[in-house]
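Per the numbering used here, residue 87 is the first one in the sequence shown, and the count goes up by one each step.
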Amino acid sequence: PKIFSVAVGKLKRAGARSLHLDEVLEPPRTQAKGFVLTFDDGFVSALEHAGPVLADLGFKAINFLVADRLGMRNEWDAGVDHTMEPLMDAAQVRDWLSLGHEIGAHTLTHPHLDQVSLAQAREEICASKKKLEDTFGREVRHFAYPYGGLTPAVSDLVREAGFATACTIVEDLAGPETPPLLLPRLNVDREFLNPAKALRRALFARARRQRFRK
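Below, the structure written as structure tokens:
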């Protein structure tokens, strides 16, 4: 919580503007100093710890929810060096929405979409969108790939499901040329607090991605 609070405080002091993902699709002239805050998995901590910080700063965010795991725990991290933490239930998600934040889909059960059949991937992607829309009575236009796992075929499924954007875990800065279904992100950690290190990490990731494209 402390790292997050310090990081977003720096953004506020720099005059950065908190955007919703829909605004990313608008002409670049509306995005000067713009950024989008994203959370994956729907942890209760995002509501209880990050929520008050965001409210104080007037920032908004989007939380990508695992649709079949509301009110449960992140069991997909079992066996990994992660603590099992509670996920928001439907009532807590509504509290999140009431604060002016957004929700997105993060599949039904958090699988590696690049390691399952296309039929299973389609079900995870499409059904998560429908379930969240039915539960919360609003359109869900944004998606995040669990573990960042994707292939061109998976990205096509996300497009076919009707999502406007999709977030990866590639560390980079998004620009006008960035495909909306392949949005990169920067992880808010200790290095993020050091502008030189954060920029160097982003530039390295961008160079690596350009080499991969070649």
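All C-beta atoms in this analysis are idealised placements derived from N, C-alpha and C, irrespective of residue type, glycine included.
Quick caveat: nothing in here was measured; it's all calculated off a predicted structure.
Residue i - containing alpha helix (DSSP H), residue span
i       : result
Ala-153 : Taken as a continuous stretch (DSSP letters only), Ala-153 belongs to no alpha helix (DSSP H), as it is neither H nor E.
Pro-138 : 137-143
Asp-181 : 176-184
Cβ-based neighbour list, residue i, same chain, cut-off 7 angstroms, excluding 5 preceding and 5 following
i       : result
Leu-105 : Gln-117, Gly-120, Phe-121, Val-122
Gln-201 : Gly-235
Phe-298 : Residue placement at Phe-298 is flagged as unreliable, the pLDDT there being 41, under the threshold of 50; the coordinate-derived value follows with that caveat. Taken in chain order, the list of residues that qualify is empty.
Asp-175 : Leu-156, Gly-157
Rounded C-alpha distance that separates residue i from residue j
i       : j       : result
Ala-132 : Phe-145 : 13 angstroms
Cys-253 : Lys-96  : 23 angstroms
Asn-160 : Ala-100 : 34 angstroms
Gly-165 : Lys-98  : 38 angstroms
Proximity of residue i and residue j at Cβ, strictly below 7 angstroms
i       : j       : result
Phe-129 : Glu-171 : yes
Ala-205 : Leu-199 : no
Leu-140 : Arg-155 : no
Phe-90  : Val-274 : yes
8 angstroms CB neighbourhood of residue i in its chain, flanking five on each side removed
i       : result
Glu-188 : His-106, Leu-107, Lys-146, Ala-147, Ile-148, Asn-149, His-228
Glu-209 : Leu-194
Residue range of the beta strand (DSSP E) that includes residue i
i       : result
Thr-195 : No beta strand (DSSP E) holds Thr-195; DSSP gives it neither H nor E.
Pro-270 : 269-271
Val-110 : Not the beta strand (DSSP E): Val-110 falls in the alpha helix (DSSP H), residues 107-110.
Selection from the options that minimises the alpha carbon distance to residue i
i       : options                   : result
Thr-195 : Val-152, Glu-112, Ala-141 : Val-152
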